[in-house]
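Numbering of the sequence shown is given in our numbering, commencing with residue 6 and proceeding in unit increments. Here the structure is laid out as structure tokens; the discussion comes afterwards.
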Amino acid sequence: MGLDFSYNIAVAEELGNIRCGGIPMAIGVQAGMATPALTRFGSDELKKQFLVPTIAGDFVACLGISEAGAGSDVASIHVAKKIDKLGMRSSDTAQIFFEDVRVPSKNLIGEEGKGFTYQMLQFQEERLWGVASVLTPLETVIQETIDYTRQRKVFDQSVLHNQAVHFRLAELATEVELLRSLLYRTVALYVEGNDVTKFASMAKLKAGRLAREVTDSCLQFWGGMGFTSEVLITHLKRAPVPSRCEWYCSTEQHVTDVRCGCKGIHSPIDFGVTCE
């Protein structure tokens, strides 16, 4: 259709209205992680054989990245065990082993030895999609918390009437809007053809931390209802929103510092990494 990447972001935000987080995550993996390399670098024959049925929904695509030391001549499933997860159960996750199977040369996507390069090229789009996908759920859970605390009475007044609660929810809503501004700026730069590695990394880091902050804070205002399966905050806490942003960890800040250092921004930590 000739649409630019900003339309992907609009779709990701809209998918955030689905209250089951595993579905947007599965769609994101299918459309934004497992198929872009095939779309950009695959032969016409491969696109017809695999991409067309994937777009039609007849095939489910997955992304497989070899671990260090696993070797490069691996292809085809040896063992696949579905993993029992805390959340995101509607998005399948499995540990898969490949052993002693040859891949036909016609199934090679792009040039030999370029797999890692192709994967790195699409990482920025993955990160931005992940950030976009958390905005709507965070907005929704804040609004539902406002509505609930407005009608929940403690000591003959609504919980929301307490300024500490009121101010905290206002702060969280402000942080979500700031994240949206960073996302939109980054997407605009990306559409113009700029390298957005630094900003995409910053947005990813902020999204993961903010998702945990919002769910943790809002849960406190729900009381016992926050631990029932009937409210959204419970699902977001059990199936964390950050998992839509590629499973955050505290070391992501270190990764951001390294990337910023590559752009000429001083990092206070010496990682022993030389960026050229």
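For glycine and all other residues, C-beta sits at the position ideal for the given N, C-alpha and C. Remember, it's a predicted structure, so these values are computed and weren't measured experimentally.
Status (buried if at least 16 other CB within 10 Å, exposed otherwise) for SER206: buried
For GLU144, the first and last residue of its enclosing alpha helix (DSSP H): 120-156
Could you give the DSSP three-state label for ILE101: helix, strand or coil? strand
VAL159, DSSP secondary structure in three states: strand
Limits of the alpha helix (DSSP H) - the one that PRO41 falls within: 41-46
Three-pair Cβ contact test at 8 Å for the stretch 151-167 versus the stretch 181-189: no
According to DSSP, is CYS223 part of a helix, a strand, or is it coil? helix
Would a C-beta distance cut-off of 8 Å place THR191 and VAL181 closer than the cut-off? no
Rounded to a whole number of angstroms, what is the C-alpha to C-alpha distance between THR179 and GLN129? 25 Å
Would you tell me roughly how many angstroms separate the C-alpha atoms of GLN124 and SER11, rounded to the nearest one? 20 Å
Give the straight-line distance between the Cα atoms of ARG107 and LEU113, rounded to the nearest whole angstrom. 11 Å
To the nearest whole angstrom, what separates the beta carbons of LEU43 and PHE55, a pair I think is in contact under 8 Å? 6 Å
List the endpoints of the continuous alpha helix (DSSP H) containing ASN167. Run containing ASN167: none; DSSP gives neither H nor E here.
Give me the Cα-Cα distance between PRO41 and LEU177, rounded to the nearest whole angstrom. 34 Å
Counting only the same chain and skipping the five closest in sequence on each side, list residues whose C-beta sits under 7 Å from that of VAL236. TRP227 and MET230
Which of helix, strand or coil DSSP assigns to ASP49: helix
Let's test the definition: count the other Cβ atoms within 10 Å of the Cβ of ARG132 and tell me whether it reaches 16, buried, or not, exposed. buried
So the alpha helix (DSSP H) ILE238 belongs to, where does it begin and stop? 237-243
Pairwise C-alpha distance: GLY120 and ASN22: 34 Å
If you follow the alpha helix (DSSP H) that ILE32 is part of, which residue opens it and which one closes it? 27-33
On the CB-based measure, 16 or more other CB atoms within 10 Å of its CB, does SER138 come out buried or exposed? buried
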